[in-house]
Amino acid sequence: MLKIGLTGGIGSGKSTVCRLFAEQGITIIDADLLARQLVEPGQPALTVLAAEFGPQILQSNGSLDRAALRDLVFTNAERKRQLESILHPLIYAKITTQLAVAQGLYCIAAVPLLLETWQPGLVDRVLVVDCSPSQQIERVMQRDQLSRMQALAIMDGQMSRLQRLASADDVLDNSTTVTQLAEQIKRLHNSYILLASVRISSA
248 MLKIGLTGGI GSGKSTVCRL FAEQGITIID ADLLARQLVE PGQPALTVLA AEFGPQILQS
308 NGSLDRAALR DLVFTNAERK RQLESILHPL IYAKITTQLA VAQGLYCIAA VPLLLETWQP
368 GLVDRVLVVD CSPSQQIERV MQRDQLSRMQ ALAIMDGQMS RLQRLASADD VLDNSTTVTQ
428 LAEQIKRLHN SYILLASVRI SSA
């Protein structure tokens, strides 16, 4: 099976791209979803986070207060590294397990920090979803109800746009309409099917 690693900066439109690939019948492994599952009430990872970052990251019902945790880590590089050292190994373990059982000619692992936390051998190709920084900021502010300063702080903690594009095997331009994006995805879908078929025939 051909394994595609999908990534992009915050607000680039990764979720929309995943939905459009899923409409083509492709299995999507969503790192953000896995991360949310890992920190649900009762999960060991949430207990570890509360011990490391304090009870202020928990809501009254015991669930994770994402806004409180975000405020803690995005203003403190060391705290951010702590968070990543706890969650990233668990997330990648789940991704690896799901990749091993995925069905079809190819599948997609959507990992926002794929390039920043590169795991050799995890995927065969890197697909970057791209748009302008100004579009990213607008989308993040609207979606997450963040200030411009908060959106910029998150972007500053990620790989630069130029670095991402230089690391990409394939790029989707999401500065266009959803219709135009869907057309790009159909072309890539056909390309991935061909690549996967060639790999099988030459194996």
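Residue numbers (the numbering used here): 248 to 450. Here a beta-carbon is modelled for each residue, glycine too, at the ideal position from N, C-alpha and C.
Residues bridged to residue i [DSSP beta-bridge criterion]
i, result
"D391", "Paired residues: none, contrary to the question."
"K250", "C354"
"L311", "L305"
Residue i in three-state terms, based on DSSP
i, result
"I257", "coil"
"A357", "strand"
"V451", "One cannot answer for residue 451 here, as it falls past the ends of the chain, which runs 248 to 450."
"I273", "coil"
"V445", "helix"
"L435", "helix"
"V320", "helix"
"D377", "strand"
"L409", "helix"
"E363", "coil"
"T424", "coil"
"P336", "helix"
"A349", "coil"
Reference residue i, options the options, closest by Cα
i, options, result
"G289", "R317, P359 and G309", "G309"
"A415", "N437, V373, I384 and S394", "V373"
"I257", "P359, R395 and L311", "P359"
"A282", "I338, N421 and S381", "I338"
"G351", "F268, K261 and S262", "F268"
"V370", "Q306, G272, A349 and Q383", "A349"
"Q306", "N323, V286, M396 and Q345", "V286"
"D417", "I401, Q397 and Y439", "Y439"
"G404", "N437, A340, K327 and T424", "K327"
"L316", "E325, H335, G368 and F300", "F300"
"T423", "Q366, Q382, G368 and D391", "Q382"
"D312", "E325, M396, N323 and L296", "L296"
"E331", "T343, P380, Y353 and D279", "D279"
"I273", "L346, D318, A298 and V445", "L346"
Boundaries (first-last residue) of the alpha helix (DSSP H) holding residue i
i, result
"V295", "P291 to F300"
"D279", "A278 to L285"
Span of the beta strand (DSSP E), counted from its first residue to its last, around residue i
i, result
"V418", "D417 to D420"
Rounded Cβ spacing between residue i and residue j (contact assumed at less than 8 Å)
i, j, result
"G260", "V387", "Rounded, the Cβ-Cβ distance is 11 Å, inconsistent with contact."
"M406", "E363", "5 Å"
"I276", "A356", "4 Å"
"A443", "L249", "4 Å"
"T263", "V425", "7 Å"
"L435", "L428", "So it is not a contact: roughly 11 Å between Cβ atoms."
"C354", "N421", "Not quite, the Cβ-Cβ distance comes to about 21 Å (not below 8 Å), so this is no contact."
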